[in-house]
Structure formats: structure tokens, C-alpha cells
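Have a look at the structure below before the remarks.
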Amino acid sequence: MIKGNFIDNLPKVYGIYTGGFLGFIIIMSIAEQMGMTAKTIGICFVAFTVAIYAIIGYLSRTAQADAYYVAGRQVPTVFNGMATAADWMSGASFVAMAGGIYFKGYGYMALLVGWTGGYVLVASLLAPYLRKFGCYTVPDFIGTRYGGNLSRFMAVVVLTVASFTYVTAQINATGTIASVALDIPFQYAVYVGLVSILLCSMLGGMRGVTWTQVAQYIVLIIAYLLPVFWISNKMGAGFFPHFMLADEVARIGELEQQFGFVKNAAADLKTVPKGLAGITKAHSAVNATPWAFISLALAMMMGTASLPHVMMRYFTTPSVKAARKSVGWSLFFIFLLYSSAPMLATLSKLSLIDPTLSTGIIGKSIAEVQAIDWYQNWNQANLMFVSDFNGNGTLELNEFFMGGKAVVLATPEIAGLPYVISGLVAAGGMAAAMSTADGLILAIANAISHDVYYKIIDPKAETAKRLVVARVLLVVIGFAGATIAALEIQGILGSVIWAFDFAMSGLFFPLVLGVWWKRANREGAIAGMALGLISGAAYLVWVRTGGSGFLGITQLTFGIFGSAVSLVAMVVVSLMTSEPNAATQRMVDEVRVPAGKSILGKQH
Amino acid sequence: MSKQAQHWEKSKGLLIMTLAIWFVFSIGIFLFGAEMNEVTGPFGYPLTYWFTCQGSLGIFVILIFWFANRQEKIDEEFGFSERGDD
Numbered sequence: 012m013i014k015g016n017f018i019d020n021l022p023k024v025y026g027i028y029t030g031g032f033l034g035f036i037i038i039m040s041i042a043e044q045m046g047m048t049a050k051t052i053g054i055c056f057v058a059f060t061v062a063i064y065a066i067i068g069y070l071s072r073t074a075q076a077d078a079y080y081v082a083g084r085q086v087p088t089v090f091n092g093m094a095t096a097a098d099w100m101s102g103a104s105f106v107a108m109a110g111g112i113y114f115k116g117y118g119y120m121a122l123l124v125g126w127t128g129g130y131v132l133v134a135s136l137l138a139p140y141l142r143k144f145g146c147y148t149v150p151d152f153i154g155t156r157y158g159g160n161l162s163r164f165m166a167v168v169v170l171t172v173a174s175f176t177y178v179t180a181q182i183n184a185t186g187t188i189a190s191v192a193l194d195i196p197f198q199y200a201v202y203v204g205l206v207s208i209l210l211c212s213m214l215g216g217m218r219g220v221t222w223t224q225v226a227q228y229i230v231l232i233i234a235y236l237l238p239v240f241w242i243s244n245k246m247g248a249g250f251f252p253h254f255m256l257a258d259e260v261a262r263i264g265e266l267e268q269q270f271g272f273v274k275n276a277a278a279d280l281k282t283v284p285k286g287l288a289g290i291t292k293a294h295s296a297v298n299a300t301p302w303a304f305i306s307l308a309l310a311m312m313m314g315t316a317s318l319p320h321v322m323m324r325y326f327t328t329p330s331v332k333a334a335r336k337s338v339g340w341s342l343f344f345i346f347l348l349y350s351s352a353p354m355l356a357t358l359s360k361l362s363l364i365d366p367t368l369s370t371g372i373i374g375k376s377i378a379e380v381q382a383i384d385w386y387q388n389w390n391q392a393n394l395m396f397v398s399d400f401n402g403n404g405t406l407e408l409n410e411f412f413m414g415g416k417a418v419v420l421a422t423p424e425i426a427g428l429p430y431v432i433s434g435l436v437a438a439g440g441m442a443a444a445m446s447t448a449d450g451l452i453l454a455i456a457n458a459i460s461h462d463v464y465y466k467i468i469d470p471k472a473e474t475a476k477r478l479v480v481a482r483v484l485l486v487v488i489g490f491a492g493a494t495i496a497a498l499e500i501q502g503i504l505g506s507v508i509w510a511f512d513f514a515m516s517g518l519f520f521p522l523v524l525g526v527w528w529k530r531a532n533r534e535g536a537i538a539g540m541a542l543g544l545i546s547g548a549a550y551l552v553w554v555r556t557g558g559s560g561f562l563g564i565t566q567l568t569f570g571i572f573g574s575a576v577s578l579v580a581m582v583v584v585s586l587m588t589s590e591p592n593a594a595t596q597r598m599v600d601e602v603r604v605p606a607g608k609s610i611l612g613k614q615h
Numbered sequence: 100m101s102k103q104a105q106h107w108e109k110s111k112g113l114l115i116m117t118l119a120i121w122f123v124f125s126i127g128i129f130l131f132g133a134e135m136n137e138v139t140g141p142f143g144y145p146l147t148y149w150f151t152c153q154g155s156l157g158i159f160v161i162l163i164f165w166f167a168n169r170q171e172k173i174d175e176e177f178g179f180s181e182r183g184d185d
């Protein structure tokens, strides 16, 4: 099936796939009408979609290095855009983003700006040039541009630190969803998630991951948009929520005025289950200082441009021109989901807090709320909690607590949508987490197998052996990630943001200056990567252990400090040491024009 | 100046313009977030809120496509575009 002119048939193949998926949703909703239980529907959704991904992964199997590492460099722009969007939008984007906006409003929305604005940097500073370079991995670029095994190795270290931080969060998310949908304990669900992830990537490498990511994007975007539109229409808020929720946003502002943000006593808050939060911040008002907003956005933008699993997606396009366009498509597909998250947060919040709506619970008696079916379900799942702190028997705004994930997971049920939508949302979250995890595990395994094993340890290794090593590493790294995820150390979002900071601390300037500053040399790059990563990590440890920090740089934006150190170190050391040799300078000139052969050969 | 140097000069010019627009909509306007939010923006949303939800995001999408087209033109002008299609 995936042979011959598969590439020419892509629109048709994925068109049929999308139609099939919509058909599956309809079949499930008919089955629900006929009395299929919620649990069975959830299992069907997750099992069916994961099985499809596994089949795609199997059909994409390959024994060729360039297919395994860069999908044969023939992925068309639009499809690469979809694959990148799935690669990019993690379980956190899917499950936790709307929740973050719901609770924290403007201050949190810096992430929306940061996680999209970064693509402008990717398109203009890096992607086309790295594509011209013809590398397989990001360290491949660093190692060839600057020369020497040490620079290559340092890049692998930074890549591994950043990506591994990220991947545990993703495996954690697949585990959470699998455990809810399949009703098995989290410790086992993590490994179910891992096996699903490996099924997509093991046989086909980048080729397998590319085609499963396109399939996963289609599932996740349907699963995100369908409920948003449906809820908006059901509430009578407008048939196209993005353009029509101004009244709802204003209404939330009114209600906030009316209820006020009452601060709870510390003793009362202690009774609230861990991980749940109340509404304490304004929905649409500016509630953060300019620097708090800008520094977070900036850190995420520079982090975006340094994360290897995103960058390597642009190595798969057929040309430099296609790489540029493909960044635009990626951001377009990301935009579809990101612009919907604030709308979902608005709808979710209004449906819960507006006493004039039938779904509103604020102002009802506590006993009445506790008797609602969906409240009981989500209370049991540890995602909702009410408590009568002031003892007046009525639920106040400050007495209602919810988990961040509940905004995406529970809103369909609260709004009275059929259960089939909840099953769909579970499949979407699974797709989002799996696709990102695949990209990340592959980025790490490829860097270690290609850059450490093949380029440094055994340059004479044959393709077959290299690919065996790559696959073994894939499994090992996956299991390491799953084992750490099973320990449940930190929340999904915290570690995701750290990954951006680590990546920008160590890689942003060595990558950018590699293209844009001819004078940058090996010593400078090594100093930039090493000192950037070390100082960033040290700052994080310092702030985490009670340090006060400076310039308003928090544990979420420590990359600003790390990358500043990296820049200074790189420039100073480069200027103190001799300039790169003529061959390297010629190489940089070559990289700057799209025409001509790539720097590294097709097979290397 | 060689053809290649001219090409790079123009590419740098485009980069600076692109980054300037990027800077305005990712950082610049948020220096005045509180003041701007008093203004009613597109579709009736408060202006800063609209930018964080949709405005800046959408502008970035358009900006990248615009940049890609301009860069292609520059490459063609100097005969540096790739042969074959994408």
C-alpha cells in the first residue's frame, strides 16, 4: 500500500482515512444510542486509533538510512506541516492548555504567543539553512559546522537533557489517558502508552513517525474542534465561537465583579485535594506585569527554535524552499488548536459559573451540586471538589475547585454532550501525547545512534548495523522515560516548560550563530553550549532550592539567563581564539544559498 | 560586490524586517498590555486579550508565508533558487 507513488496519493489516502475516522465516530454514537457503555466506547476509541497508527508504523518500515533518519526527504510541505503540528502539540497542549488559560488568564496566555511566535524564528533564522546543510540530526549540524567530536558530543548532551525532560511528561500523559480510557492502573498504563509509541517509530524511524503523525494530527484536531463548536452552539454562544464569544467574555468579567475573588484561609485550602485550583484570576483582564508576560513568551519562542524534535521535521522536506513554506503550514495547523483553547476555556468557565445557565453551579446549594452526576464522576476522578468554607450552604466562586485537565476532559460532559465526544477527546489526547513522545524519543535515539555511535565511535559501521543500534536505543530510551514517568515526579506542564529552557540555554545561539556569524568557531560553540546549559541548570536549582532569582527570571524562564550566558561565552571565546578555517567559511557561504548540493551527502 | 554577497545583504535585510514585525507582535505590544486592553478590538474582544488569543498568532502565520515568498523572490533574483519543484 505504501509503495510506488504513495507520495502522489497522499491527499487521497488521508482523505479516506479522515472519512473513515468520521464514520467511526458516527458508528460509535449509534452504538451509544443502542446502549453501549461509556467504558466500552472509551476503550474502542483508544484501541481503534492506536491500532491504525501501529499499522501505519508497520507499513512504513525501512532498511535505509535516509528513510529512517529523514523520511527520505520527500515529505510535501502541507503534510510536513501537519506532522510538525502533531509533533509539536503535546499532551500538555491538548489536555492542560485550556485549563491553564481557565485558571490563570492573561499571564498564562504568554505561552500561546511564545509557542507560536517561535516559529517565526524557526522559519527565518534556522530551518531553511539546516535543510540546505543536509544533516540527519541537529548535532550533525553542530558537529560539521564547528568540527570536532567534542562540539558534536556537547550538542547531543544538550539535546538529550532537553528532550528527555520533555519526553517523560509525554509518556506520563499517554499513561494518564490510557489508564482512564482502558481503566487500568497508571503504573501499567504508562507501559501500554510506551508500547503504542514504539509501534509507530521502531520499524520506520522518521518515515514511520511522519505518516503516523499526520494521522494523529487529523484525530487530535477533530477531537479538539468538534467539542468546542458543539458546546458553543449548544450554549447558544455563537456558531463560530472564535468570532462570537465577545459577549461571553464580557459576561465572565461581570460575574467576576459580582462574586469578587475571595481569598481562602490557608487552613481551608489544606482540605482541597492536591492539584486542584479555584478561579482566582481575571479571565480577560491583564493580570501580569509586562515583563512577566514578555519573559515567558520570549523564553518559549527561543526554546521553540532550539528544540531538536521540531527542527528535524524540516530536514524531511524535498527542498529548502519547501522547508520555509512548511514552517508556515506547521504554524497554521497549530494555530487552529491554539486559537480554540481560549474559546474552550471561556465556554467552560461561563457554563460553570453563570447562575442563569442551567449548567451553572455557583449560587446553587452545596448539596444540590454534590448530587449532580457529572460532579460525582469528576470528583471521584479527583478533578473536582466543592466545600462550604463559609458554612452558608451555598456554593461560592471561591469554594469550587477543579483540576486543569478537567476543562478539556469534563466540559463536554458538563455541557451535556453525548459520551462519544468524551471518548473522542481521549483519543485526541492520546494522539497528541503519542506524536510528541515519538518525535522526542526519535530525536534522542537518532542523535545518539548517528552522532555518538556512527560519527564518533564507529564511523565504518554498515547501514544495517547502524539501524539496529538506532532501534535498540529507541527502546532503551523509551523504557527509561516510562520508568521515570511511572514515578510521577512533576506535573505535565512544569517539565514541558523546563525542556524549552534547557534547549534554549544550550542550543539557541550555537545554532543561530552557526548560520549567521561566520566568525563563530569551535571553541566558542563548545563554551556556549557548556556554559549555557550549566548556568541555566544552576539557576533552576538555585531558584528551586529557595533562591530569590534576579531580574524577575523564574524557574519557568531560566533559559533567558542560560542563553544570555551562552551568547556572551560564545562571542567572547570565539573572538579570543582563531577564526574558522577557509573551508568552514566556504561551507557557511554555501549554506546561505538554497541552490546547489547540500553540504552533507544524501547518505552519510 | 559578488552576486553571493549581494544576495546575502538582501536576505539579511529581509530577516531584519521579519524580526522587527515579529518583535512588535510578540513583545512590543505587550509592554502596553494593560492600556491596550481598555480598547475594544476585533469581534468585540478586549484588544490585548484578542491579540493573545488570535491576533498575534494569526499575524505570525501570515508573516512566515510572507517571509517565505519574499525570500524565494530574492533567491530567484540572483539565480540561487533550487531547480525542480517542491
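Chains as they are written, first to last, in the numbering used here: chain E, 12 to 615; chain U, 100 to 185.
The beta-carbon is built from N, C-alpha and C at its ideal position, and this holds for glycine as well.
- By the 16-neighbour rule on beta-carbons within 10 angstroms, residue 176 of chain E is buried.
- Residue 170 of chain U sits buried, since 16 or more C-beta atoms from the chains shown fall within 10 Å of its C-beta.
- For residue 395 of chain E, the enclosing beta strand (DSSP E) has its first and last residue at 395-397.
- Secondary structure in the region 94-162 of chain E: the alpha helix (DSSP H) runs of 4 residues or longer, each lying completely within the stretch, are 108-115, 117-132, 138-144 and 149-157 in chain order.
- For residue 413 of chain E, the uninterrupted beta strand (DSSP E) segment begins and ends at 411-414.
- No Cβ of chain U is located within less than 8 Å of the beta carbon of residue 324 of chain E.
- Residue 288 of chain E is bridged by DSSP to E:413.
- In terms of Cβ geometry, residue 567 of chain E and residue 318 of chain E do not form a close pair [threshold 8 Å].
- The way I'd put it, the region 167-174 of chain E does touch the region 508-516 of chain E; three or more beta-carbon pairs between them come closer than 8 Å.
- At a cut-off of 8 Å, the C-beta of residue 203 of chain E has no neighbouring C-beta in chain U.
- When C-alpha distances from residue 174 of chain U are compared across E:332, E:246, E:449 and E:481, the shortest belongs to E:332.
- In terms of Cα proximity to residue 266 of chain E, the closest of E:323, E:486, E:133 and E:407 is E:407.
- In the structure shown, the three-state DSSP call for residue 362 of chain E is helix.
- When C-alpha distances from residue 46 of chain E are compared across E:356, E:185, E:584 and E:430, the shortest belongs to E:430.
- Ranking E:330, E:441, E:25 and E:237 by CA distance to the CA of residue 348 of chain E puts E:237 first.
- According to the DSSP assignment, residue 74 of chain E belongs to no alpha helix (DSSP H), since it is labelled neither H nor E.
- Residues of the region 118-152 of chain E with a Cβ closer than 7 Å to any Cβ of chain U, in chain order: 120, 123, 124, 127, 128, 130, 131, 134 and 135.
- Residues of chain U with a Cβ closer than 7 Å to the Cβ of residue 339 of chain E are, in chain order, 160, 163, 164 and 167.
- Taking a Cβ-Cβ threshold of 7 Å, none of the residues of chain E is close to residue 112 of chain U; the smallest such distance is about 12 Å.
- Counting every other CB atom within 10 Å of its CB across the protein chains shown gives residue 562 of chain E a total below 16, marking it as exposed.
- In the structure shown, residue 196 of chain E falls within a coil segment according to DSSP collapsed to helix, strand and coil.
- Taking 7 Å as the upper bound on Cβ-Cβ separation, chain E lies near residues 129, 130, 132, 133, 136, 142, 143, 144, 145 and 147 of the region 129-147 of chain U.
- A distance below 8 Å separates the beta carbons of residue 342 of chain E and residue 130 of chain E.
- Here residue 327 of chain E is actually not in contact with residue 166 of chain E; their C-beta atoms are around 20 Å apart, not less than 8 Å.
- Judged by DSSP in its simplified three-state form, residue 145 of chain U adopts strand.
- When the alpha-carbon of residue 142 of chain E is set against those of E:526, E:358, E:182 and E:243, the nearest one is in E:526.
- Under the three-state reduction of DSSP output, residue 300 of chain E falls in the coil class, being neither helix nor strand.
- Put simply, the region 408-420 of chain E does not touch the region 33-52 of chain E. Fewer than three CB pairs are less than 8 Å apart.
- Under the Cβ criterion of 8 Å, residue 309 of chain E is counted among the residues facing chain U.
- By DSSP's assignment, residue 405 of chain E forms a beta bridge with E:376.
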